[in-house]
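Asker: Take 79 as the starting number for the sequence shown in our numbering and just add one per residue. Glycine is no exception: its CB is placed at the ideal position from the N, C-alpha and C atoms. It should be emphasised that the depicted structure is a prediction, and the values quoted were computed from it without experimental measurement.
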Amino acid sequence: MNGFEYVLQQIINAVSLGSLYALVAVGLSIVFGVLKLTNFAHGDVMMVGAFTTVILGVAGMPFALAMLCGIVAAALAGFVIERIAYRPIRNAPDVTRLLTSLAVTYILENLGILAFTSSPRNFPLPDLLNGSWQLADGAITFTNINILTIALSFLSLLGLGWFITRTTIGLGMRAAAEDMSAAHLVGLDVNRVIVIAFVVASAYAGLAGVLWAAQAGVVQPQMGFTPLLKAFVAAIIGGFGSISGALVGGYMLGALEIFIVAFLPDAVTPYRDAIVFSLLIAFLLFRPGGLLQPNREIKL
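#1: Do you know how far the Cα of residue 335 is from the Cα of residue 22?
#2: Round the Cβ separation of residue 138 and residue 284 to the nearest angstrom and send it over; I've been treating them as touching at under 8 Å.
#3: By the 10 Å Cβ neighbour count, where 16 or more other Cβ atoms means buried, how is residue 365 classified, buried or exposed?
#4: Quick one: grab the DSSP three-state call for residue 116.
#5: DSSP three-state label for residue 269, please.
#6: Of the choices 223, 210 and 99, whose alpha-carbon is the least far from that of residue 304?
#7: For residue 240 and residue 345, what's the separation of their Cα atoms in angstroms?
#8: Could you compute how far the alpha carbon of residue 201 sits from the alpha carbon of residue 132?
#9: Cα separation between residue 225 and residue 103?
#10: I want to know whether the segment 245-259 touches the segment 267-286 - three or more CB-CB distances under 8 Å.
#11: Do the segment 287-302 and the segment 143-153 touch if we need at least three Cβ pairs shorter than 8 Å?
#12: Quick one: using the 10 Å Cβ neighbour count with 16 as the cut-off for buried, is residue 376 buried or exposed?
#13: By DSSP, does residue 39 sit in helix, in strand, or in coil?
#14: How many Å lie between residue 81 and residue 152 at the Cα?
#15: Can you give the Cα-Cα distance for residue 177 and residue 113, rounded to whole angstroms?
#16: What residue range is occupied by the uninterrupted alpha helix (DSSP H) comprising residue 353?
#17: Across the segment 297-314 and the segment 181-199, are there enough close Cβ pairs to call them in contact, namely three or more that are closer than 8 Å?
#18: Among the residues of its own chain, which have a CB less than 8 Å from the CB of residue 294, if the five just before and after it don't count?
#19: Is residue 346 helix, strand or coil when you go by DSSP?
#20: Is it buried or exposed for residue 244, if we count other Cβ within 10 angstroms and need 16 for buried?
#21: So, residue 352 versus residue 96, is the Cβ gap smaller than 8 Å?
#22: According to DSSP, what are the bridge partners of residue 211?
#23: If I'm right that residue 369 touches residue 316 with Cβ under 8 Å, what's the distance once you round it to whole angstroms?
#24: Tell me which residue opens and which closes the alpha helix (DSSP H) that residue 329 is part of.
#25: Going by C-alpha distance, which of 223, 218, 213 and 192 is nearest residue 207?
#26: Who does residue 200 pair with in a DSSP beta bridge?
#27: Assuming residue 282 and residue 101 form a contact by the criterion Cβ under 8 Å, report the distance between their Cβ atoms to the nearest whole angstrom.
#28: Do you know whose CA, among 134, 165, 91 and 232, lies nearest residue 325's CA?
#29: Look up residue 372 in the DSSP assignment and say whether it is helix, strand or coil.
#30: Round the Cβ separation of residue 186 and residue 122 to the nearest angstrom and send it over; I've been treating them as touching at under 8 Å.
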């Protein structure tokens, strides 16, 4: 493998990992943009989508249909969480909403442990997704699951852009994000907008959870913690509350992690996460608005 082929392989890996971070970060940014709430339960919604897919797959359902059901289950989980946990404390102080978000996280994780135990379970993939494509006499490898991750992420994020900018509901979400009170005064159903924001964000979490588990090969109740933490960093880098910022931050973070492992000395590799969080601290100190410096509304 020559230098160009090696770099190209790492770019493929970076785009695949960045796509997962972007999917999770987009969901975080949608909820924060509309409700100004950091939904720490977002990672556990990923777990709901992944486990639903595994259960249905083991039961014999085709993978594509099981994955779709996993995404729907995650969306429904987001709907229930908003109605039961977040709506009653919508106007409460920020610290109350933060503690509620953490409480929902621990409740979902412990429900997952009670239902499935804390032991990792294999994530079954169809034979089609277990294969790979090789170029340059095997120097460059595209695994089928990486191709699926990149393709579904691109299509779903493209669809989100159309939804936010071209549909009445999407425009209503942008209006509510800019000024909730003014949106209510002009007749916008704020409760409906917030529910839809949670459902859409949770659907993206469900998709990310299925793809994350498919790449890792296992599912477990605590599986959402790491991607949530990394997506939070990505959202801060791009600009919290900005959808386009979440995309930029997600792909930047994916590239940074892959390139640290691929191009820096082996002695530096164990400190990859420390470098990532040092970058987060630097952004919070010197550019707290993120790269795109968003206002308080959802942006694309």
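Answerer: Put simply:
#1: Residue 22 is absent from the model: the chain starts at 79 and stops at 378.
#2: For the purposes of this step, residue 138 is taken as the residue at position 60 of the sequence shown. For the purposes of this step, residue 284 is taken as the residue at position 206 of the sequence shown. Going by Cβ atoms, the distance from residue 138 to residue 284 rounds to 21 Å, so no, they are not a contact pair.
#3: Sequence index remark: in the sequence shown, residue 365 carries index 287 (1-based). It is exposed - the Cβ of residue 365 has fewer than 16 other Cβ atoms within 10 Å.
#4: Counting from 1 along the sequence shown, the entry for residue 116 is found at position 38. In the structure shown, residue 116 sits in coil (DSSP, three-state: anything other than H, G, I, E or B).
#5: Locating residue 269 in the sequence shown gives position 191, where the first residue counts as 1. Reduced to three states, the DSSP call for residue 269 is helix.
#6: For the purposes of this step, residue 304 is identified with residue 226 of the sequence shown, where counting begins at 1. Minimum Cα distance to residue 304 is reached at 99.
#7: Here residue 240 corresponds to residue number 162 of the sequence shown, with the count starting at 1. Here residue 345 corresponds to residue number 267 of the sequence shown, with the count starting at 1. Spanning the two alpha carbons is a distance of roughly 44 Å.
#8: Counting from one through the sequence shown, the residue named residue 201 turns up at place 123. Counting from one through the sequence shown, the residue named residue 132 turns up at place 54. Computed Cα separation, rounded: 6 Å.
#9: By 1-based counting over the sequence shown, the position of residue 225 is 147. By 1-based counting over the sequence shown, the position of residue 103 is 25. Roughly 20 Å between the two C-alpha positions.
#10: Yes, since at least three Cβ pairs between the segment 245-259 and the segment 267-286 fall closer than 8 Å, the two stretches touch.
#11: yes
#12: The count along the sequence shown starts at 1 and reaches residue 376 at position 298. In this prediction, residue 376 scores a pLDDT of 43, lower than 50, which makes its location untrustworthy; the coordinate-derived value is nonetheless stated afterwards. Flag for residue 376 reads buried.
#13: The question about residue 39 has no answer, for the chain in this structure spans 79 to 378.
#14: Your numbering for residue 81 matches position 3 in the sequence shown. Your numbering for residue 152 matches position 74 in the sequence shown. Approximately 42 Å between the Cα atoms of the pair.
#15: Locating residue 177 in the sequence shown gives position 99, counting from the first residue. Locating residue 113 in the sequence shown gives position 35, counting from the first residue. Between the alpha carbons of residue 177 and residue 113 lies a gap of roughly 15 Å.
#16: Sequence index remark: in the sequence shown, residue 353 carries index 275 (1-based). 350-364 is the span of the alpha helix (DSSP H), which, as asked, contains residue 353.
#17: Counting C-beta pairs with one atom in each stretch, the segment 297-314 and the segment 181-199 have three or more that are closer than 8 Å, which means they touch.
#18: Numbered from its first residue, the sequence shown carries residue 294 at position 216. 201 and 301.
#19: Counted from its first residue, the sequence shown places residue 346 at position 268. DSSP places residue 346 in the coil class of the three-state scheme, outside both helix and strand.
#20: Sequence index remark: in the sequence shown, residue 244 carries index 166 (1-based). Label assigned to residue 244: exposed.
#21: Sequence index remark: in the sequence shown, residue 352 carries index 274 (1-based). Sequence index remark: in the sequence shown, residue 96 carries index 18 (1-based). Inclusion of residue 352 and residue 96 in the CB contact set at 8 Å is not warranted, their separation being larger than that value.
#22: Numbered from its first residue, the sequence shown carries residue 211 at position 133. Residue 211 is bridged to 220.
#23: Within the sequence shown, numbered from 1, the residue matching residue 369 stands at position 291. Within the sequence shown, numbered from 1, the residue matching residue 316 stands at position 238. With a Cβ gap of about 6 Å, residue 369 and residue 316 count as contacting.
#24: Taking the sequence shown and counting its residues from 1, one reaches residue 329 at position 251. Element bounds for residue 329: 321-341.
#25: Sequence index remark: in the sequence shown, residue 207 carries index 129 (1-based). Answer by Cα proximity: 223.
#26: Counting from 1 along the sequence shown, the entry for residue 200 is found at position 122. The partner list for residue 200 (beta bridge, DSSP) reads 296.
#27: Here residue 282 corresponds to residue number 204 of the sequence shown, with the count starting at 1. Here residue 101 corresponds to residue number 23 of the sequence shown, with the count starting at 1. Confirmed, about 5 Å.
#28: As a first step, residue 325 is located in the sequence shown; it is residue number 247 there, counting from the start. Of the listed residues, the one whose Cα sits closest to residue 325 is 232.
#29: As a first step, residue 372 is located in the sequence shown; it is residue number 294 there, counting from the start. Note that residue 372 scores a pLDDT of 49, beneath 50, so its modelled location is shaky; the value from the coordinates is reported in the next line. Note: residue 372 maps to coil in three-state DSSP.
#30: Mapped onto the sequence shown, residue 186 falls at position 108. Mapped onto the sequence shown, residue 122 falls at position 44. The beta carbons of residue 186 and residue 122 sit about 4 Å from each other, so the pair counts as a contact at 8 Å.
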